[in-house]
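Accompanying notes for the structure given below.
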Amino acid sequence: MFDWLHRLILPAENPDVVQSIVVIMLVIAAGVFVGRLKLGKISFGVSAVMFVGLLFGHWGYRIQGEILDFIRDLGLILFVYGIGIQVGPSFFSSFRKEGLRLNILAVSTVILGGVITFLLYKSTGLGIENLVGIMSGAVTNTPGLGAAKSTLAEIQNQFPTKMFDDPAIGYAITYPLGVFGIIGIIIFSKIILKVNPELELRKFRLLKINREFPPVYKKCRITNPSVIGKSLGDVIKESGHEVVISRIKHSQSDTVFSPSLDKILRENDVIMVVGLDPDVNGFIEKTGRISKDLLIESDKDIQYTNIYVTNKKATHKKLSELDLYTNFDLKVTQVFRASKAMLARPSLELFYGDILRVVGTEEAINEAKKVIGNSEKKLLEPDFLSIFGGLVLGIILGSIPIMIPSLPVPIKLGFAAGPLIVALLISRFGGISFIHSYVNTGAIYFMKDLGICLFFAAVGVHAGEKFYANFIEYNGWLWILYGSAITFIPLIIMILIAKIFMKLNFLQLSGLMSGTYTDPAALSFSTSYLDSDIPIQTYATVYPLVTITRIFVAQMLILLLA
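Under the numbering used here, the first residue of the sequence shown is numbered 233, with each subsequent residue one higher.
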């Protein structure tokens with residue numbers, strides 16, 4: 233009576249399409265449930281899908297070959313594209329600060345891991361495909377595994393007689409080591425270095441460059457005789473500080489308005505100064521003193537609000553080109569992009585999805601909304617044309633063959649690096665033609681988690697088919713030992729360099745460790761263990777370049793040694 237149900241949910245050696253889809257859904261559902269369970273402060277999150285897939289594969293569940301390849305590649309593409317869109321803005325801006333040093337250290341650590349893998353290949357006799365799988369698992373790097381498998385498939389297409397082991401076996405054996413190893417190093421180094429998270433947080437804030445902080449508002453009363461009678465534009469220029477004056481109220485008056493740059497300052501005028509903290513403080517010192525006037529904050533005459541940039545005619549235009557003050561008597565004080573606040577400089581180019589903080593009359597604000605768009609509904613709905621257009625460009629870039637002399641097949645960026653690079657560039661420049669960079673936060677997280685779940689389910693079930701037999705045949709404990717060398721030696725050297733020579737804050741260092749090893753589980757643990765979000769900033773700074781480097785290292789090891 234229930235034969236149809238048995239065929240759907242029980243293991244099958246040669247499953248059809250429906251059975252394959254059911255297996256994928258079961259693995260993901262069970263994996264997500266297991267990933268939510270906590271062992272102390274540690275949880276695997278979506279990484280548990282990989283381990284559940286191994287069990288299902290071991291128990292006899294299978295996925296049809298063509299479907300497995302499709303699900304694995306699609307999942308990888310969605311995951312890396314979502315990561316690129318999410319961290320793109322902070323990735324490029326970080327290079328103007330300390331991000332260059334952090335990325336050099338992270339990439340050097342990745343290359344050292346590749347060198348250790350090469351030495352293990354020369355000394356152990358293991359096939360390079362197995363060692364690249366061990367390396368990818370030991371550093372919890374999924375895109376590297378995807379690149380290795382794609383490169384092996386290319387070689388087999390060129391040389392059909394060549395046979396290779398599946399690198400996913402080594403990946404699956406050493407992946408738990410990578411997750412727990414990095415978490416263990418974070419705990420161990422915190423104890424050895426006697427780290428006090430609260431003290432590290434205070435040190436971090438003191439060392440931070442002020443320009444990394446968002447703009448502030450402060451009220452100033454004009455008392456300096458040298459600026460009285462001068463235009464506001466001249467006073468700002470002579471002060472040498474980059475600020476915006478959003479409001480002004482004359483002495484003995486209750487009227488508040490947004491001033492133009494040619495407005496003449498009077499004695500005891502009260503102005504609202506917007507800018508980065510040191511600029512605001514410096515401007516106030518040169519023009520007057522801090523004011524406690526409350527009337528200037530009144531919304532009777534003018535008000536402030538946020539306007540969303542959703543009109544395509546307003547995107548990729550500079551604030552100076554829109555000239556909202558001349559056209560609508562409206563002053564823009566801040567622009568919010570990817571949760572980051574920026575001072576509204578005239579040269580700032582607007583991207584789709586930006587949020588403008590404006591000051592002006594209600595009538596002026598309503599008129600400006602017609603030009604800028606301000607459709608929150610548009611931002612809540614994912615723009616599939618932009619998303620899939622970006623994915624197509626990423627796949628095309630990843631498929632371009634790059635001929636290198638002496639290599640058996642052309643090297644390709646693949647489905648991991650191609651979409652990641654395109655996403656970073658789209659995020660950096662706000663879009664390409666009809667493709668824009670804005671994707672709401674919920675859609676990004678859905679894309680990333682769905683992608684990685686599909687990839688883990690496909691890889692886990694396939695690897696689990698012969699996991700136990702391979703663990704016994706290849707002496708899995710020995711593979712874990714090899715993986716330990718790849719995990720711990722570069723990580724310990726990186727910690728010593730970061731603390732002794734770079735004097736890096738431990739909160740940043742924990743994010744650097746998680747980012748260098750592309751380990752979201754370690755990142756989640758470190759933010760909870762250290763009670764700070766600072767590790768996330770460093771993680772986002774190094775993740776893209778590290779991911780691309782790991783992909784190339786995995787590909788080059790396969791191409792040179794397979």
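Cβ atoms here follow ideal geometry from the backbone N, Cα and C, with glycine treated the same way.
This structure is a prediction, so every number in the text was calculated from the model and none was measured.
| Item | Value |
| --- | --- |
| Assigned secondary structure, N442 (DSSP; H/G/I helix, E/B strand, else coil) | With a pLDDT of 44 at N442, under the threshold of 50, the modelled position of that residue is not reliable, and the figure given next carries that caveat. Three-state result, N442: helix. |
| Length-filtered (3 minimum) beta strand (DSSP E) runs lying within the region 306-394 | none |
| First through last residue of the beta strand (DSSP E) which encompasses M574 | 572-575 |
| Y313 and L623 closer than 7 Å at C-beta | yes |
| Close Cβ partners of L755 (< 8 Å) along its chain, the five nearest in sequence each way excluded | G743, S746, G747, P767, I768, Y771 |
| Sequence-distant residues of its chain with Cβ nearer than 7 Å to V427 (five each side left out) | F738 |
| Collapsed DSSP secondary structure at V254 in the structure displayed | helix |
| The region 608-627 in contact with the region 361-368 per 3-pair CB rule at 8 Å | no |
| Identity of the residues DSSP links to M504 by a beta bridge | K451, R479 |
| Alpha-carbon spacing of S355 relative to I712, whole angstroms | 16 Å |
| Cβ pair M504, R479 closer than 7 Å | yes |
| C-beta contact flag for K481 and I528 at 7 Å | yes |
| Any 3 or more C-beta pairs closer than 8 Å across the region 699-714 and the region 303-322 | no |
| For A198, the nearest candidate out of V506, M635, G592 (CA to CA) | For residue 198 there is no data in the structure shown, the boundaries of the chain being 233 and 794. |
| Reduced DSSP category for G461 - H, G, I as helix; E, B as strand; rest coil | coil |
| Check whether T537 and I587 have beta carbons under 7 Å apart | no |
| Close beta carbons around L793, own chain, < 8 Å, minus the five adjacent residues each side | F350, Y353, I360 |
| Collapsed DSSP secondary structure at N606 in the structure displayed | coil |
| G402: first and last residue of the uninterrupted alpha helix (DSSP H) it sits in | 399-424 |
| Beta-carbon contacts of G683 that lie in its chain and below 6 Å, excluding the five residues immediately before and after | G307, L310, F311 |
| Completely contained beta strand (DSSP E) runs for the region 489-555, where each covers 3 or more residues | 502-507, 520-522, 535-540 |
| Through-space distance from I418 to F324, alpha-carbon basis | 27 Å |
| Where K599 falls: helix, strand or coil (DSSP) | Note that residue 599 is Glu in the sequence shown, not Lys. E599 falls in the helix class under three-state DSSP. |
| Buried versus exposed, by CB contacts within 10 Å (16 or more), P651 | buried |
| Residue interval of the beta strand (DSSP E) (run including L567) | Note on residue identity: the sequence assigns Val, not Leu, to residue 567. Per DSSP, V567 belongs to the beta strand (DSSP E) from 563-569. |
| Short Cβ contact (7 Å threshold) for V560 with E599 | In the sequence on display, residue 560 carries Phe and not Val. Their beta carbons are under 7 Å apart, which means F560 touches E599 by this criterion. |
| H668 - DSSP class collapsed to helix/strand/coil | strand |
| Alpha helix (DSSP H) runs wholly inside the region 648-728, at least 4 long, in chain order | 673-696, 699-705, 708-728 |
| C-beta atoms of I414 and D751 nearer than 7 Å | yes |
| Sheet register partners of E581 (DSSP bridge) | K550 |
| Segment limits, beta strand (DSSP E) that includes V278 | It is not in any beta strand (DSSP E) - V278 carries neither H nor E in the DSSP assignment. |
| Close beta carbons around I727, own chain, < 8 Å, minus the five adjacent residues each side | I417, S421, L741, M745 |
| Meets three-Cβ-pair contact criterion under 8 Å: the region 604-624 and the region 665-682 | yes |
| Residue burial classification, K735 (beta-carbon count within 10 angstroms, cutoff 16) | exposed |
| CA-to-CA distance, F687 to T565, given in whole angstroms | 44 Å |
| Segment contact, 8 Å Cβ cut-off, at least three pairs: the region 254-262 with the region 278-294 | yes |
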